[in-house]
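Contents: one structure, followed by commentary.
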Amino acid sequence: MTAAEPSTASILNRVARDKLPHVLTHILDKLTTNDAEVFSAQETQQLQEMLSFSQDDIDTMVALVQDVFLDAARFCKVNRYALLTCERVDSDVVAMLEKAWRKKGKALLASEPFANGKHPMDVAELLVLRATEWRLHLEMGQSKLRGRTTPTALFQLELAAAAANTKSDEAVGQKNEKVDLEMNHDELRAFFHELNAIQAHLDRQAHAAV
């Protein structure tokens, strides 16, 4: 899941909370049945009036929710950390996404092509981690807190298209991109717990395959 533009990320925050659960489950149901038309013309018009959304707003909302649930299907959980820290989605909205996934996620995982452990994303679109660099950064606090510093960890991730692994080193270099991340103590701890959860899931999958 990639970080969204601020206007994209905030689209879910603008949806009335009493309407959001129904919207989320509807989009997830359509994703499960692989229905290209998520909302009919009549439903779209009703949403525009009910949410004060434009057609572009609705398209953006649908794309974002689908991305969240496809990502959840890959990792068996909604990526709370990314939604809260990278995409700035409100915590109560994230909770509703998690609830919708707990309620309907199994149906998506049981559908094609997930049933056989596959994923609809083309392998060529996936990025793999090729290198990681990090350093500690200390930022001085306000004068009244003299003597205190705020430590943050700076990371640089070098990513490349998965398909590039089969090409020459020169071609791979052209496809690499670098992503910079900065995390404070709490964010780093949350990220660490996410990595532990992912590792535990991978270990269970590996054990089941033996």
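The sequence shown begins at 1 in UniProt numbering and counts up by one.
Don't be surprised by glycine CBs; every beta carbon is placed ideally from N, CA and C.
A contact between stretches requires three or more CB pairs, one per stretch, nearer than 8 Å, and the segment 37-49 fails this requirement with the segment 67-83.
H26 and V89 have their C-alpha atoms roughly 20 Å apart. Sequence-distant Cβ neighbours of L20 in its own chain, meaning closer than 8 Å and more than five residues away, are L12, V93, M96. The C-beta separation of Q156 from D180 comes to about 5 Å, placing the pair in contact by the 8 Å criterion.
L127 sits away from A100, with the two beta carbons spaced by 8 Å or more. Counting every other CB atom within 10 Å of its CB across the protein chains shown gives F69 a total of 16 or more, marking it as buried. N34 is the residue among R17, D59, N34, M61 whose C-alpha sits nearest the C-alpha of A110.
Check the Cα spacing between D59 and each of Q205, V23, A107, T32: the tightest is with V23.
About 6 Å separates the beta carbon of L31 from that of L108, a gap short enough to meet the 8 Å contact definition. Inside the segment 2-89, DSSP marks whole alpha helix (DSSP H) runs of 4 or more residues at positions 6-9, 20-32, 41-51, 55-75, from first to last along the chain.
DSSP places E182 in the uninterrupted beta strand (DSSP E) bounded by 177-183. Closest option to H201, judged by alpha-carbon separation, among P151, S10, A63, A72: A72.
Excluding its 5 nearest sequence neighbours in each direction, E98 has C-beta neighbours in its own chain below 6 Å: V78, listed in chain order. One Cα belongs to T149, the other to T85, and the distance between them is close to 22 Å. Residues of the same chain with a CB within less than 7 Å of the CB of A206, apart from the 5 flanking positions on each side, do not exist. By the neighbour-count definition (other C-beta atoms within 10 Å, threshold 16), L129 is an exposed residue. Beta-bridge analysis with DSSP links E98 to no other residue.
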